[in-house]
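**Student:**
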Amino acid sequence: MRRRIYLIVLAALLVVTLGVAGCTPKPAQENTAGPASAEVVKVGWIGSLTGDQAVWGQCELNTVKMMFEEINAKGGLLGKQVEVIGYDTRGDAAEAVNAVKRLTSQDKVAAIIGPNASGQAIAISSVLEEMKVPDIATVATNPKVTVVDGNVKPFNFRVCFIDPYQGAVAAGYAVDVLNLKKAAILYDVADDYSQGLTEFFEKTFVEKGGEIVAKEAFKSGDVDFRPQLSKIKEANPEIIFMPYFFKEVALSANQARELGINAVLMGGDGWPSDVLIEMAKDAIEGSYIVNHLDFNDPEVQGFKDAYKAKYGLAVELNGYMAYDAVKLLEAAVNKANSVDPITIKDALETSSVKGITGQITISKDTHNPEGKDAAIIKMVNGEYVFQQKYSTK
């Protein structure tokens, strides 16, 4: 009888244990490329697959997967097949930290690509340094992503130009080329990216003899910008600088036009998206964007066509930046002749590669690409029309 009771209890415990294991939630993750074997090298990706920026994150992950599939078809990295492991950050810095912890301690990746958002890229620095795994951010433009208090972060890299440069380019083009002298700024006070561009636009615009006639703030998630825009309208600016992301750009641009504001609108690399055009095509007509490349450059058409053929979608800006991040990582691995994370990190510090957005030459002192020109884009009939390359130098 005692033995029978023991067996019943043991069976019950097994059922409970299996039930708990079966109910353990799995993190949002996508894997691709390469057979499971000792000859596999793992590369991580993090970004937003849910939330307002999901369209960007999905394009980044699609691009990373597509490119490593092509690399695998040609023999992989140093003869090793690549497995891509992607985690959704849900647009949240804490989720980005958790994703990097999983990638480095659980998945044992050799390197990480992403995220695109500065706040998330800044947040993951301590984990990267602790686990000694390099990361290449895509469109994270805040200076603190790679350098803080004059010190370079050893495992943080990026393929994009930074906010001081982008903000200065916007202001310089507005004054020197468009000959506009009165500017208003509407910015997201809760976002590192928006604050960075605002600071350096304002500084450069004033240094060039322009006047900031109004400066109004909102917080991420706001949908009504009329109170701020009404104050801006009273100041009668010639141009309104809007350094934030496409959803809020669409809402605020539509509301600005509804209020009768006819000023030129201008923004940074947070604008480009098909969603922006769908939501606010008429409102953004004639606006200017500081971007990383000319979407109609003949050199990018092959990638655009291949992406469209594979996924049935147009490439977002983030796809081009993810393309360059993969190219930079591939070059560093080949230069290091190793897939060891620390050795890759050392190679990244002196790597240079021809990317789709231009030459990517990493500075050892900043871990940023040096000498990248910005592309000035004008919105014309719902199309991104290249105006010129522009530099503050």
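Take any residue in the sequence shown, note its place counting from 1, add 935, and you have its number in this note's numbering.
C-beta atoms are modelled at their ideal positions from N, C-alpha and C, and glycine is treated no differently.
By how many angstroms is the C-alpha of Val1017 removed from the C-alpha of Asn1007?
**Tutor:** Looking up residue 1007 in the sequence shown gives position 72. Looking up residue 1017 in the sequence shown gives position 82. About 6 Å.
**Student:** Please tell me whether Asp1098 and Leu1132 are closer than 7 Å, where the distance is taken between their beta carbons.
**Tutor:** The sequence position of residue 1098 within the sequence shown is 163, counting from 1. The sequence position of residue 1132 within the sequence shown is 197, counting from 1. The answer is yes: Cβ separation under 7 Å.
**Student:** Quick one: residues in its chain with C-beta nearer than 8 Å to the C-beta of Asp1070, no 5 flanking neighbours on either side, listed in chain order?
**Tutor:** Counting from one through the sequence shown, the residue named residue 1070 turns up at place 135. Here the set comprises Val1035, Ala1046, Ile1047, Ile1048, Gly1049, Ala1056, Ile1059, Leu1063, Phe1090, Asn1091, Phe1092.
**Student:** Going residue by residue through the segment 1079-1122, where are the continuous alpha helix (DSSP H) segments of at least 4 residues, counting only ones entirely within it?
**Tutor:** For the segment 1079-1122, whole alpha helix (DSSP H) runs of length 4 or above, ordered along the chain, are 1098-1107.
**Student:** Please name the residue, chosen from Gly1145, Lys1182, Asn1197, Lys1143, that lies closest to Ile1167 on a Cα-to-Cα basis.
**Tutor:** Counting from 1 along the sequence shown, the entry for residue 1167 is found at position 232. If we check each option's Cα against that of Ile1167, Asn1197 comes out closest.
**Student:** Tell me where the beta strand (DSSP E) around Ser1287 begins and ends.
**Tutor:** Within the sequence shown, numbered from 1, the residue matching residue 1287 stands at position 352. Start and end: 1287-1290.
**Student:** Pick out whichever of Asp1159, Gly1107, Asp1157 has its Cα sitting closest to the Cα of Gly1144.
**Tutor:** What you label residue 1144 is simply residue 209 of the sequence shown in a count that begins at 1. Comparing Cα-Cα distances from Gly1144 to each of Asp1159, Gly1107, Asp1157, the minimum goes to Gly1107.
**Student:** Per DSSP, what kind of secondary structure is Lys1324 in: helix, strand or coil?
**Tutor:** As a working mapping, residue 1324 is identified with position 389 in the sequence shown. Note: Lys1324 maps to strand in three-state DSSP.
**Student:** DSSP state of Glu1220, grouped into three classes?
**Tutor:** For the purposes of this step, residue 1220 is taken as the residue at position 285 of the sequence shown. DSSP places Glu1220 in coil when its eight states are reduced to three.
**Student:** Where Gly1317 and Asp1281 are concerned, what is the direct C-alpha to C-alpha distance, given to the nearest angstrom?
**Tutor:** Taking the sequence shown and counting its residues from 1, one reaches residue 1317 at position 382. Taking the sequence shown and counting its residues from 1, one reaches residue 1281 at position 346. If I take the Cα positions, the gap works out to 43 Å.
**Student:** Which two residues bound the contiguous alpha helix (DSSP H) that contains Ile1297?
**Tutor:** Numbered from its first residue, the sequence shown carries residue 1297 at position 362. Taken as a continuous stretch (DSSP letters only), Ile1297 belongs to no alpha helix (DSSP H), as it is neither H nor E.
**Student:** Do you know offhand how far Met1314's Cα is from Ile1212's?
**Tutor:** Residue mapping note: residue 1314 aligns to position 379 of the sequence shown, counting from 1. Residue mapping note: residue 1212 aligns to position 277 of the sequence shown, counting from 1. Going from the Cα of Met1314 to the Cα of Ile1212 covers about 9 Å.
**Student:** Count the other CB atoms within 10 Å of the CB of Thr1139; is the residue buried (16 or more) or exposed (fewer)?
**Tutor:** Mapped onto the sequence shown, residue 1139 falls at position 204. Flag for Thr1139 reads buried.
**Student:** Compute the distance between the beta-carbons of Gly1290 and Lys1307, then report whether it is under 7 Å.
**Tutor:** Within the sequence shown, residue 1290 is the residue found at index 355, counting from 1. Within the sequence shown, residue 1307 is the residue found at index 372, counting from 1. No, they are not a contact pair.
**Student:** Mind checking whether Asp1209 and Ala1249 have CB atoms under 7 Å apart?
**Tutor:** Mapped onto the sequence shown, residue 1209 falls at position 274. Mapped onto the sequence shown, residue 1249 falls at position 314. Their beta carbons are under 7 Å apart, which means Asp1209 touches Ala1249 by this criterion.
**Student:** Thinking C-alpha only, which one of Tyr1246, Ala1029, Asn1033, Asp1127 is nearest Val1074?
**Tutor:** The residue you call residue 1074 lines up with position 139 of the sequence shown. With distances taken between Cα atoms, Val1074 lies closest to Asp1127.
**Student:** Excluding sequence positions up to five away, which residues of its chain have a Cβ less than 7 Å from the Cβ of Thr1024?
**Tutor:** Looking up residue 1024 in the sequence shown gives position 89. These residues qualify, in order along the chain: Ile981, Gly982, Ser983, Glu1030, Ala1031, Ala1034, Pro1050, Gln1055.
**Student:** Could you pull out every residue in the same chain whose Cβ sits closer than 6 Å to the Cβ of Tyr1179, ignoring the five residues on either side in sequence?
**Tutor:** Numbered from its first residue, the sequence shown carries residue 1179 at position 244. The residues are Asp1123, Ser1129, Gly1205.
**Student:** From Gly1014, Ala1215, Tyr1258, pick the residue whose C-alpha is nearest to that of Glu974; which is it?
**Tutor:** Stepping through the sequence shown from its first residue, residue 974 is reached at position 39. That would be Gly1014, whose Cα lies nearest to the Cα of Glu974.
**Student:** Residue ranges of each beta strand (DSSP E) run of no fewer than 3 residues wholly in the segment 1152-1226, ordered along the chain?
**Tutor:** 1174-1176, 1199-1202, 1223-1226, all fully within the segment 1152-1226.
**Student:** Taking the continuous beta strand (DSSP E) assigned at Ala1310, which residues delimit it?
**Tutor:** In the sequence shown, counting from the first residue as 1, residue 1310 sits at position 375. Note, Ala1310: beta strand (DSSP E), 1309-1315.
**Student:** When burial is assigned at 16 or more other CB atoms within 10 Å of the CB, is Lys1182 buried or exposed?
**Tutor:** Counted from its first residue, the sequence shown places residue 1182 at position 247. Counting Cβ neighbours within 10 Å, Lys1182 comes out buried, since at least 16 surround it.
**Student:** Starting from Lys977 and walking both ways along the alpha helix (DSSP H), at which residues does that stretch end?
**Tutor:** Within the sequence shown, residue 977 is the residue found at index 42, counting from 1. It is not in any alpha helix (DSSP H) - Lys977 instead sits in the beta strand (DSSP E) that spans 975-982.
**Student:** Here's the rule: buried if 16 or more other CB atoms are within 10 angstroms of the residue's CB, otherwise exposed. What is Asn1077?
**Tutor:** The sequence position of residue 1077 within the sequence shown is 142, counting from 1. Per the 10 Å Cβ criterion, buried.
**Student:** Answer yes or no: do Leu1115 and Glu1173 have a C-beta to C-beta separation smaller than 7 Å?
**Tutor:** Position 180 of the sequence shown, counting from 1, holds the residue named residue 1115. Position 238 of the sequence shown, counting from 1, holds the residue named residue 1173. Cβ atoms of Leu1115 and Glu1173: closer than 7 Å.
**Student:** Can you check whether the CB of Asp1229 is closer than 7 Å to the CB of Ala1310?
**Tutor:** As a first step, residue 1310 must be located in the sequence shown, where it is residue number 375. As a first step, residue 1229 must be located in the sequence shown, where it is residue number 294. Going by C-beta atoms, Ala1310 is nearer than 7 Å to Asp1229.
**Student:** Among residues of its own chain, excluding the 5 on either side of Thr1327, which ones have a beta-carbon nearer than 8 Å to its beta-carbon?
**Tutor:** Residue numbering aside, residue 1327 sits at position 392 when the sequence shown is read from its first letter. Same-chain partners within the cutoff: Tyr1100, Ala1103, Val1104, Gly1107, Thr1139.
**Student:** Where Cys958 and Val1080 are concerned, what is the direct C-alpha to C-alpha distance, given to the nearest angstrom?
**Tutor:** The sequence position of residue 958 within the sequence shown is 23, counting from 1. The sequence position of residue 1080 within the sequence shown is 145, counting from 1. Low local confidence applies: a pLDDT of 30 at Cys958 is under 50, so the model's placement there is unreliable, and no value is given.
**Student:** What are the complete beta strand (DSSP E) segments, minimum 3 residues, inside the segment 995-1081?
**Tutor:** You should have 1016-1023, 1046-1048, 1070-1072.
**Student:** By a C-beta neighbour count over all protein chains shown, 10 Å radius and 16 as the cutoff for buried, is Lys1324 buried or exposed?
**Tutor:** Along the sequence shown, one-based indexing puts residue 1324 at 389. Burial call: exposed.
**Student:** For Ala1257, which residues in the same chain have their Cβ closer than 7 Å to its Cβ, ignoring the five residues on either side in sequence?
**Tutor:** Walking along the sequence shown from the start, residue 1257 turns up at place 322. Glu995, Thr998, Val999, Ile1048, Thr1073, listed in sequence order.
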